[in-house]
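In the numbering used here, the protein residues as written are 52 to 309.
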């Protein structure tokens with residue numbers, strides 16, 4: 052239900068009668084009431100409207116980062132496992148180098164170099180998010196490349212690229228999709244963190260991270276400025292992780308048999 056509400060808010064927020072950027076100075080830091088269910092922020096803007104628009108930002112970044120990371124990482128990992136030899140060793144070393152750096156610090160550095168903005172934020176997070184998909188895709192392809200249908204395709208003269216795209220990666224899709232589910236939650240958290248630091252979505256665009264940052268200074272006076280986006284972030288990430296856990300358990304045949 053939480054995920055459904057998140058998706059509906061993100062998809063239909065532009066068509067709702069919202070005014071997330073409308074400044075109303077007399078209502079600065081107004082508490083929740085009938086006119087604004089979640090109160091108003093430090094510029095008198097309705098918090099509920101900005102939370103709904105922040106849901107759109109979170110969904111765009113989450114899906115964008117996961118799609119780009121999964122495509123790049125799956126192809127890199129699949130090529131490494133299928134090619135073997137020197138290529139595999141070089142790609143594995145590259146993955147190890149990326150894993151040696153804390154992902155969020157590297158994303159902060161890239162976001163600082165590229166500059167703020169939604170597109171640059173997706174690029175920065177995808178540049179560090181592909182590693183997990185590459186490792187998983189490599190492990191899956193290594194276990195699948197000796198299957199009979201793959202050997203038959205090789206015997207028929209099918210190229211490695213076609214074998215990878217048509218015979219190997221589709222079989223590895225299930226664990227990659229589970230990884231992508233957790234990746235969405237991680238991307239939403241990272242987007243909020245970078246926006247909190249001022250490296251993500253820029254004003255007046257709404258982001259849960261920037262809303263929390265704006266509310267920290269007046270936390271004791273107007274706690275709803277932090278509680279509203281904070282609870283939205285908590286519930287969405289928790290729901291996505293729970294779906295990922297359930298999906299992983301469903302695909303784990305050994306766990307179900309046990």
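Yeah, the Cβ is synthetic: ideal placement off N, Cα and C, and Gly gets one too.
Using DSSP with H/G/I as helix, E/B as strand and the rest coil, what is residue i?
i, result
"residue 280", "helix"
"residue 91", "strand"
"residue 232", "helix"
"residue 97", "strand"
By how many angstroms is the C-alpha of residue j removed from the C-alpha of residue i?
i, j, result
"residue 57", "residue 145", "36 Å"
"residue 218", "residue 197", "11 Å"
"residue 267", "residue 260", "11 Å"
"residue 92", "residue 221", "48 Å"
"residue 285", "residue 209", "48 Å"
"residue 74", "residue 122", "41 Å"
"residue 67", "residue 86", "16 Å"
I'd like to know whether the C-beta atoms of residue i and residue j end up nearer to each other than 9 Å.
i, j, result
"residue 159", "residue 245", "yes"
"residue 62", "residue 97", "no"
"residue 252", "residue 168", "yes"
"residue 150", "residue 182", "yes"
"residue 186", "residue 281", "no"
"residue 242", "residue 113", "yes"
"residue 233", "residue 171", "no"
"residue 136", "residue 180", "no"
"residue 161", "residue 175", "yes"
"residue 236", "residue 287", "yes"
"residue 130", "residue 148", "no"
With a threshold of 7 Å on Cβ separation, who are the neighbours of residue i within its own chain once the five nearest residues in sequence on each side are excluded?
i, result
"residue 191", "223 and 226"
Report the CB separation of residue i from residue j in whole angstroms; it is logged as a contact under 8 Å.
i, j, result
"residue 132", "residue 216", "So it is not a contact: roughly 14 Å between Cβ atoms."
"residue 116", "residue 257", "Their Cβ separation, rounded to whole angstroms, is 18 Å, which puts residue 116 and residue 257 out of contact at 8 Å."
"residue 290", "residue 103", "At roughly 17 Å, the Cβ-Cβ gap does not stay under 8 Å, so residue 290 and residue 103 are not in contact."
"residue 275", "residue 71", "Residue 275 to residue 71, Cβ: 15 Å. No contact."
Return the chain-ordered list of same chain residues with a C-beta closer than 6 Å to the C-beta of residue i, the five sequence neighbours on each side being excluded.
i, result
"residue 76", "95"
"residue 273", "80"
"residue 99", "88 and 89"
Just to check, is the beta-carbon of residue i closer than 8 Å to a non-hydrogen atom of the ligand SAH?
i, result
"residue 108", "Ligands in the displayed structure: none, and consequently the ligand SAH is not present."
Skipping 5 residues on each side, what residues in its chain have a beta carbon closer than 8 Å to that of residue i?
i, result
"residue 269", "80, 93 and 276"
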